[in-house]
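The listed protein sequences correspond, in order, to chains A and B.
Numbering of the first sequence is given in full-length UniProt numbering, commencing with residue 1 and proceeding in unit increments.
Numbering of the second sequence is given in full-length UniProt numbering, commencing with residue 1 and proceeding in unit increments.
Where a beta carbon is used, it is the ideal one built from N, C-alpha and C, also for glycine.
Take a look at the structure set out below.
Protein chains: 2
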Amino acid sequence: MARKKEYNEEEVVEKAMRLFWRNGYESTSMQMLEKEMGINKFSIYSSFGNKHGLFIESIKCYKSKIREMFENFKNASNGIEDIKQFFYDSVSSSFKTDEQKGCLVTNTYNEFSETEDLVIKEEMTSFMDNLKTLFIEKLKTDPSKDEETVLKQANYLVLAKHGLAAAARVNSKKEIEDYIELTFKNL
Amino acid sequence: MARKKEYNEEEVVEKAMRLFWRNGYESTSMQMLEKEMGINKFSIYSSFGNKHGLFIESIKCYKSKIREMFENFKNASNGIEDIKQFFYDSVSSSFKTDEQKGCLVTNTYNEFSETEDLVIKEEMTSFMDNLKTLFIEKLKTDPSKDEETVLKQANYLVLAKHGLAAAARVNSKKEIEDYIELTFKNL
DNA sequence: AAAATAACTAAACATTCGTTTAGTTATGGT
DNA sequence: ACCATAACTAAACGAATGTTTAGTTATTTT
Numbered sequence: 001m002a003r004k005k006e007y008n009e010e011e012v013v014e015k016a017m018r019l020f021w022r023n024g025y026e027s028t029s030m031q032m033l034e035k036e037m038g039i040n041k042f043s044i045y046s047s048f049g050n051k052h053g054l055f056i057e058s059i060k061c062y063k064s065k066i067r068e069m070f071e072n073f074k075n076a077s078n079g080i081e082d083i084k085q086f087f088y089d090s091v092s093s094s095f096k097t098d099e100q101k102g103c104l105v106t107n108t109y110n111e112f113s114e115t116e117d118l119v120i121k122e123e124m125t126s127f128m129d130n131l132k133t134l135f136i137e138k139l140k141t142d143p144s145k146d147e148e149t150v151l152k153q154a155n156y157l158v159l160a161k162h163g164l165a166a167a168a169r170v171n172s173k174k175e176i177e178d179y180i181e182l183t184f185k186n187l
Numbered sequence: 001m002a003r004k005k006e007y008n009e010e011e012v013v014e015k016a017m018r019l020f021w022r023n024g025y026e027s028t029s030m031q032m033l034e035k036e037m038g039i040n041k042f043s044i045y046s047s048f049g050n051k052h053g054l055f056i057e058s059i060k061c062y063k064s065k066i067r068e069m070f071e072n073f074k075n076a077s078n079g080i081e082d083i084k085q086f087f088y089d090s091v092s093s094s095f096k097t098d099e100q101k102g103c104l105v106t107n108t109y110n111e112f113s114e115t116e117d118l119v120i121k122e123e124m125t126s127f128m129d130n131l132k133t134l135f136i137e138k139l140k141t142d143p144s145k146d147e148e149t150v151l152k153q154a155n156y157l158v159l160a161k162h163g164l165a166a167a168a169r170v171n172s173k174k175e176i177e178d179y180i181e182l183t184f185k186n187l
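Here you go:
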């Protein structure tokens with residue numbers, strides 16, 4: 001054995017994740033990552049292979065960060081009201097850390113949409129699919145809704161979430177809240 | 001006087017605009033632009049100064065392309081039904097040319113959100129503000145709506161349009177249509 | 001027809017990108 | 001205590017970026 005790493009991989013990945021979130025993949029350079037992560041380029045490369053590997057790891061980090069939020073959402077038992085709360089939560093969390101822009105998933109999907117990067121693409125669509133599945137689950141708690149309606153409304157909510165994510169920084173908090181209210185008015 | 005230009009500036013700008021639309025600003029290189037526009041780098045630089053200048057010109061081109069659509073929308077006189085039609089139109093136009101991804105405005109706003117590029121930023125917010133103004137105008141045709149409701153619903157529609165733009169390629173046409181239906185259900 | 005000038009081509013430019021390499025420092029086991 | 005080895009620093013790498021320059025071609029004016 002030999003010398004120990006002077007940094008914690010999980011910690012530096014989280015820092016990278018936030019930087020990627022702020023700037024997107026292409027606009028985040030290795031120099032910026034070096035500074036933000038507080039470690040040398042060599043260390044980044046020996047820990048994560050290359051920039052792409054670091055990004056994948058950042059996505060995984062995001063995933064685990066978001067898992068808790070999803071878990072809470074999943075375990076709640078007030079149907080549509082939970083979805084609504086989820087909307088509010090996701091907004092307030094992106095207002096809380098107001099450096100972050102919108103939703104990492106939406107941003108990343110947009111940036112990689114023209115590439116052939118299937119790993120990234122599948123990771124992103126899996127995020128969206130999971131969300132849709134949760135919405136369906138919640139909507140099903142209302143027995144008066146037939147299957148078609150549930151699916152329709154779930155798709156609607158996924159798209160509404162997209163709108164929220166895309167506009168979370170350009171619109172005011174009040175506008176966002178009004179939007180959520182109206183979104184749930186006829187569900 | 002001397003030699004004439006062998007290309008039409010308007011034509012090549014439109015080609016540049018479509019390329020920027022597909023790839024975003026950063027991911028579109030001068031080499032790609034050279035090929036797509038069909039003219040030499042030198043010609044691009046002598047006509048538009050630099051890459052940024054060409055992009056500004058591309059935005060102006062987009063603006064004039066969209067103006068017609070906006071004008072039609074403005075002159076229609078069926079209130080909310082016109083807004084709904086506008087939603088369908090903007091979706092079908094982005095499905096028609098399925099190379100284009102979502103909405104140029106939303107994409108650009110996302111890409112430039114972290115920069116200090118005020119020219120671009122203002123150009124983008126002006127697009128959004130114009131849209132909101134039109135929505136307000138349409139919603140006002142219903143005398144039963146008070147001013148607050150109109151404003152609230154206009155904001156709602158702007159955000160819904162965002163969601164549509166962000167998800168126009170990842171979701172199926174049917175899902176998009178259902179989304180539009182539900183969006184207008186309680187307006 | 002010749003001179004002037006603007007538009008063309010293509011190569012070179014400096015800079016930045018992601019990545020690698022060479023050399024140093026620190027820590028582990030024997 | 002010493003050697004092996006892993007983690008560090010910093011400089012260099014080639015490729016790609018946006019931009020400029022030098023040199024050629026074509027068109028207008030006199």
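- In summary, the residues of the stretch 104-116 of chain A whose CB is separated from some CB of chain B by less than 8 Å are T106, N107, Y109, N110, E111, S113 and E114, in the order they occur in the chain.
- Contacts with chain A at 8 Å (Cβ-Cβ) include B/V170.
- According to the DSSP assignment, B/R3 belongs to no alpha helix (DSSP H), since it is labelled neither H nor E.
- Going by C-alpha positions, B/T149 is about 13 Å away from B/E137.
- Taking one beta carbon from each stretch, the stretch 167-183 of chain B and the stretch 108-117 of chain B have fewer than 3 pairs nearer than 8 Å; the two do not touch.
- Annotated three-state conformation of A/G53 is helix, per DSSP.
- Taking 9 Å as the Cβ-Cβ cut-off, the stretch 133-152 of chain A approaches chain B at L151 and K152, given in chain order.
- Assignment of B/T141 by DSSP, reduced to helix, strand and coil, places it in the coil class.
- Taken through DSSP and simplified to helix, strand or coil, B/V170 comes out as coil.
- If you ignore the 5 residues before and after B/E9, its C-beta comes within less than 7 Å of the C-beta of S47, all in its own chain and listed in chain order.
- Here DSSP, grouped into helix, strand and coil, assigns A/I120 to helix.
- Distance from the CA of B/Y45 to the CA of B/M37, rounded to the nearest whole angstrom, comes to 12 Å.
- A direct Cα-Cα distance of roughly 15 Å separates A/E147 from A/L157.
- Rounded to whole angstroms, the gap between the alpha carbons of B/A167 and A/A166 is 10 Å.
- Going by DSSP, A/S47 is part of the alpha helix (DSSP H) stretching over K41 to F48.
- Within the same chain, Cβ atoms closer than 6 Å to the Cβ of A/K132 are found at A154 and V158, the five residues on either side in sequence being excluded.
- Look at A/G102 here: in three-state DSSP terms it is coil, with no helix or strand label.
- For B/E123, no CB of chain A lies under 8 Å from its own CB, so it is not counted at the interface with that chain.
- Taking 8 Å as the CB threshold, A/E175 lines the interface with chain B.
- For a Cβ distance threshold of 7 Å, residue set G163, A166 and A167 of chain A lies close to B/H162, ordered along the chain.
- Exposed is the label assigned to A/H52, since fewer than 16 other Cβ atoms lie within 10 Å of its Cβ.
- In this structure, A/I59 places its C-beta atom within 8 Å of the C-beta atom of A/E123.
- Here the alpha carbons of B/K161 and B/K140 stand approximately 19 Å from one another.
- Taking the CA atoms as reference points, B/E14 sits about 15 Å from B/G24.
- In this structure, A/V105 places its C-beta atom within 8 Å of the C-beta atom of A/F127.
- One alpha carbon belongs to B/K152, the other to A/S92, and they sit about 19 Å apart.
- In the DSSP annotation of this structure, A/L187 is not part of any alpha helix (DSSP H), being labelled neither H nor E.
- At least one CB of chain A lies nearer than 8 Å to the CB of B/D178.
- Residue environment: B/F42 is assigned as exposed (fewer than 16 neighbouring CB atoms within 10 Å of its CB, all protein chains considered).
- Note on A/S144: under 16 other CB atoms within 10 angstroms of its CB, so exposed under the neighbour-count rule.
- Contacts with chain A at 8 Å (Cβ-Cβ) include B/K185.
- A Cβ-Cβ distance of about 5 Å is found for the pair B/I80 and B/L187, placing them in contact under the 8 Å criterion.
- In the same chain as B/D178, and ignoring 5 residues on each side of it, no C-beta atom comes closer than 6 Å to its own.
- Annotated three-state conformation of B/N155 is helix, per DSSP.
- Taking a 10 Å sphere around the C-beta of A/M17, we find 16 or more other C-beta atoms and assign the residue as buried.
- Contacts with chain A (Cβ-Cβ distance below 9 Å) from the stretch 11-25 of chain B involve R22, N23 and G24, listed in chain order.
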